[in-house]
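Just below is one structure, and these are the notes that go with it.
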Amino acid sequence: MPSSRPGCWPGWTMPGHDGGSGGIMTLLVALALSLPIAVQAASTTHPHPHQGIAPKFDNPQPSTLTAEEIAELKAGRSVRRQVRTEGGGRGISVMDVAGTPAQVWAVIDDYERYPDWIDHLEECEVYKREGTEVYVRFKLRILGRDVEYFIDHERRPDLGWVTWQLDYSRESDIDDSTGYWLVYPSPDQPGKTRVEYTVDLRLKGWIPGVVEDLLANKGLDQATAWVKAQVEG
């Protein structure tokens, strides 16, 4: 496939990783910015062009894993899955962390520290808290360009999860994103915590499915690695 960035396809990868509500965004957005698509125009005063196109998640439940996947977790590796959807893709990453659920939540909830832990993330600002909802602005700097987006999290650690979608009252540079973190005691490794992360990401512009697969698979491994690193020290 022709590309406006020499050498980026095939086999092009982006160093570093992303996380939190961004997850695989760094890799996919980096590719998107290298293609001739619409100019980004995030805005705090204009609403998003739509009120959501990606499926939203409510009260997520633990994934059912195969014996082979459980063996991978016991070996210290993460399990990843990717589901292609029209206009985007949903990635799932599962891992067991040597720490308590409270320790995992302390890392996930520390949005202001995300720029210290996540490559290419320049700013992360909580701009509103309302009941169980936490609104966060993310600003990535990739290939010399800024990518800004606004996420509305519903935080329910008492139920073991936080879900998110775009804050559609503001215009983001990505088309849509929904997902969740799921945190609970590992049923297979006592003393460890199982962490699941999933994201359905939709970008402005068109990305070939094979490229989306390549970057999503790499990004899924990295999407939760920073949480594990911070919890386990």
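The sequence shown maps to residues 1 to 233 in my numbering.
Cβ atoms here follow ideal geometry from the backbone N, Cα and C, with glycine treated the same way.
All values derive from a computational prediction rather than experimental measurement.
With 16 or more other Cβ atoms from the protein chains shown falling within 10 Å of its own Cβ, Y180 counts as buried.
Y168: not part of any alpha helix (DSSP H); DSSP gives it neither H nor E.
In this structure, V183 keeps its C-beta atom at 8 angstroms or more from the C-beta atom of V199. Rounded to the nearest angstrom, the Cβ distance from R113 to E125 is 12 angstroms, too far for a contact under 8 angstroms.
Straight through space, the alpha carbons of S43 and P187 are spaced by roughly 44 angstroms. Counting only runs of at least 4 residues, the segment 101 to 139 fully encloses the following alpha helix (DSSP H) elements, listed from N- to C-terminal order: 101 to 108 and 114 to 117.
Under the DSSP definition of a beta bridge, W226 lacks any partner. L140 is positioned such that its CB atom lies closer than 8 angstroms to that of V147. By the neighbour-count criterion, in which 16 or more other beta carbons inside 10 Å mark a residue as buried, R170 falls on the buried side. DSSP places I151 in the strand class (E or B) of the three-state scheme. Straight-line measurement puts the Cα of K192 at about 28 angstroms from the Cα of Q165. One Cα belongs to T100, the other to V231, and the distance between them is close to 9 angstroms. Cβ contact annotation for W105 (same chain, cutoff 8 angstroms, sequence separation greater than five): P157 and V183, in chain order.
One Cα belongs to I70, the other to T45, and the distance between them is close to 47 angstroms.
I142 sits in a strand when the DSSP states are folded into three classes.
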